[in-house]
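Residue numbers (our numbering), protein chains in the order written: chain A, 4 to 208; chain B, 4 to 208; chain C, 4 to 208; chain D, 4 to 208.
Beta carbons are placed, not taken as given, at the ideal position from N, Cα and C, and that holds for glycine.
Everything numeric in this text was worked out from a predicted model, so none of it was measured.
Heads up: the structure comes next, in structure tokens.
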DNA sequence: GATGAATGAGAATTCATTCAT
DNA sequence: CATGAATGAATTCTCATTCAT
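Structural data, given as structure tokens:
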């Protein structure tokens, strides 16, 4: 509680704040221009500073995406884990996961876009091994929900669950590319309609 | 059938063939590594020639993607136009468009991936204005099919057709990223299941 | 006069100064080796930095010549305009323009050489349209002086003024290629003899 | 006179003709675009063949300029030598040399332009040593004429003959850059007026 | 924290030249 | 004679990164 300590605390906080601010800017730019097509200078420009100045905050361009993606994925999996651990039925779990995914898109739109567009390329780098892990976990999680649903007689048995899985995976995340938090439909409404579509189809019955 | 005629035929063919060959290689590499992350040298390596030699055939890296994408889109729209001009009902049109899309993925997998992953960035360049045109046409085409289907009572009226459109658009093309022509499911089988999924949903009834 | 003020002054000066310094170096090299035969690396070497570093200051090799030439021409025309607006007689204007031209050669020798040697080629590029403008203005300016001189009975009427104009234009600027500010004749002395030569001829009378 | 011999003769002639034709084209292009800014492909395009095909006729781009320049200079010096050996007075020699120079411009316009614009750069190459020789001879020839003229009381003694020499040299050759054989003034008329200008000046007397 | 000026590796592109056909 | 396709070195330009101030 000495002045010195308060100082260093507020400095640390300010620093973290600036860092987060810069990461948000970087994420935005990476998402819209593509990671490898984006120059460090473009990120800096968007942040209103000079290219070199970014290196006071980050080691490298790579460490920026790294932090953007790992922050997002950490939060994502905390949420997913909470849902899958809740002991819900297949259909309810399905519901909850989809809804949560759209909430994540709402929260981390740029990060989701980067995840969606750049994962394949980045994953070649050992540093981004966790991306592969995440994709694997994602697959297992969904297959487990779908397979259980088929077993329970809730989901159709005449469709390839592997295909359904890809179908869900792709459509959910790709929504990040057109979703606008200020658009006509809220994240929750999109999730609701999306769930209806996937569960019941678009045919009039 | 005289030797002379065979000669001039085979040269003409070789000429066009070499170009197509190089474009196929380039498309493959662009698709797998990402356009801007791919170096011209990588394309050349994959083609078994030196970097500079590509410039005998193409003006620039950009003109390579340009040709890859415009060739694909020209063929795609020729097919789509044939279908929409056939005077089918909404549901049959839906069917035919989806099936054709998967056939296109089968035929132009790398081009589709590039279209899917790089369109946004490339479209910033006036040279690629046709990408925006294509996206616009795509949207109009699908909305027209969906709206007609809703009017005809074939498609549900309680879902946002704009949302359905995006849903379809994204899932169809994204399949290019995992589709293997030598995989377990054929393009037609994928299309069939995909259509069932979208039309009837994944719920057991 | 506080240290702070001196600092910021000297930084601002250094900034503009560095650019001007590099341009002076580039002009020197372009003038002596020829613009298109000069490599960016040669300019950088002459400036004591690496090739890539030049691009921190300039967009391209082209923009370097551009700046060199436009700076020179801006100054040149300011001077010429001052003279032609002074309301002098044809012969006095003639005098003043020639003298000023030699002063410009003294001041901008490399730029003049580049102007002289590369204008034709560069002018094909729309970016250098001002070179054509300048040549046109130059022609009009001289023809107007010469024609007025003929009318006033000061210049001979039996010579083609178009020919005289070219004669003057070429000889004046071409002097840049051999003029040395440390040579035996000063710019003013050269101008003086030059004027005598053109006005009175080289014949003993 | 055997058919074989006639054949080889006419082939040789045709070959030489084609060679001269290509050189004329090359000279034109080098003159208008500048030697180092001109690509071999541009020359070939202008000749209606492909880049590589030029190498059937010439060893290199360099050997093309070489042949262009040396052909011109050989002819030029043959003429100059004839004149200086004729034992004329200073003024008559002056007359004859200028007239001959304009005739050369008429005959070898592109070569003269190349000589004028590229000599300095090319001369750095030992292969083009003859360019320096030519320049040196040129200087000596003119200084000798001028000095003799001053001694004989024909030319003014109050002007620096070195300056007059440069003045003549530059204005004469530079005319190649604007001279058109189909222009309003013939080579002879230009020479005539030029001689008057230089000898008597442009002042009305 | 940020700036201005560089570095240096590597990217895209150019171009003279070669060569089998 | 000419072509088509390459080579490979050089060139222009880009960009992540560094660092003294």
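Hey, out of the options, whose CA is closest to residue i's CA?
i, options, result
"residue 76/C", "174/C, 112/C and 200/C", "112/C"
"residue 295/D", "32/D, 72/D and 42/D", "Past the boundaries of the shown model lies residue 295/D; chain D is included only from 4 to 208, so the question cannot be answered."
"residue 115/C", "87/C, 24/C, 78/C and 58/C", "78/C"
"residue 187/C", "163/D, 159/D and 203/D", "163/D"
"residue 172/A", "139/A, 153/A, 185/A and 50/A", "139/A"
"residue 205/A", "29/B, 161/B, 104/B and 182/B", "161/B"
"residue 167/A", "203/B, 168/B, 149/B and 142/B", "203/B"
"residue 65/B", "86/B, 122/B and 95/B", "122/B"
"residue 154/D", "93/D, 119/D and 165/D", "93/D"
"residue 143/B", "175/B, 42/B and 83/B", "83/B"
"residue 194/C", "102/C, 31/C and 91/C", "102/C"
"residue 35/A", "110/A, 141/A and 181/A", "181/A"
"residue 105/A", "25/A, 184/A, 141/A and 18/A", "184/A"
"residue 179/D", "68/D, 119/D and 100/D", "119/D"
"residue 19/A", "61/A, 53/A, 96/A and 197/A", "61/A"
"residue 87/A", "197/A, 151/A and 51/A", "151/A"
"residue 68/A", "177/A, 158/A, 117/A and 191/A", "117/A"
"residue 199/A", "109/B, 159/B and 175/B", "159/B"
With a threshold of 7 Å between beta carbons, is residue i in contact with chain C?
i, result
"residue 143/D", "no"
"residue 156/D", "yes"
Please state whether DSSP places residue i in a helix, a strand or coil.
i, result
"residue 197/A", "helix"
"residue 162/D", "coil"
"residue 79/C", "helix"
"residue 206/D", "strand"
"residue 137/D", "helix"
"residue 146/C", "helix"
"residue 20/A", "helix"
"residue 53/B", "coil"
"residue 34/B", "helix"
"residue 188/A", "coil"
"residue 66/B", "helix"
"residue 89/D", "coil"
"residue 40/B", "coil"
I need the boundaries of the alpha helix (DSSP H) containing residue i, first residue and last residue.
i, result
"residue 181/A", "Premise fails: residue 181/A is in no alpha helix (DSSP H) and is neither H nor E."
"residue 157/C", "Premise fails: residue 157/C is in no alpha helix (DSSP H) and is neither H nor E."
"residue 125/C", "93-125"
"residue 45/D", "43-50"
"residue 57/A", "57-60"
When you compare the CB of residue i with every CB in chain A, is at least one pair closer than 7 Å?
i, result
"residue 96/B", "no"
"residue 85/B", "no"
"residue 196/B", "yes"
"residue 134/B", "no"
"residue 210/B", "For chain B, the structure presents residues 4 to 208; residue 210/B sits outside this window and is missing."
"residue 205/B", "yes"
"residue 92/B", "no"
For a cutoff of 7 Å on Cβ pairs, would you count residue i as touching chain B?
i, result
"residue 185/A", "no"
"residue 181/A", "yes"
Using a Cβ-Cβ cut-off of 7 Å, state whether residue i counts as contacting chain D.
i, result
"residue 191/C", "no"
(request) Closer than 7 Å, Cβ to Cβ, to anything on chain A: give me those residues from the segment 158-179 of chain B, in chain order. (result) Contact annotation: in the segment 158-179 of chain B, residues whose CB is within less than 7 Å of a CB in chain A are 158, 159, 162, 163, 166, 167, 169, 170, 173, 174 and 177.
(message) Under 7 Å, CB to CB, which of the residues in the segment 100-123 of chain A have a partner in chain B?
(response) 120
(message) To be precise: take each residue of the segment 31-63 of chain A, compare its Cβ to all Cβ atoms of chain B, and keep it if any distance is under 8 Å. Which residues remain?
(response) 35, 36, 37, 39 and 40
(message) Closer than 7 Å between beta carbons: that is the criterion. Which residues of the segment 71-85 of chain D meet it against chain C?
(response) none
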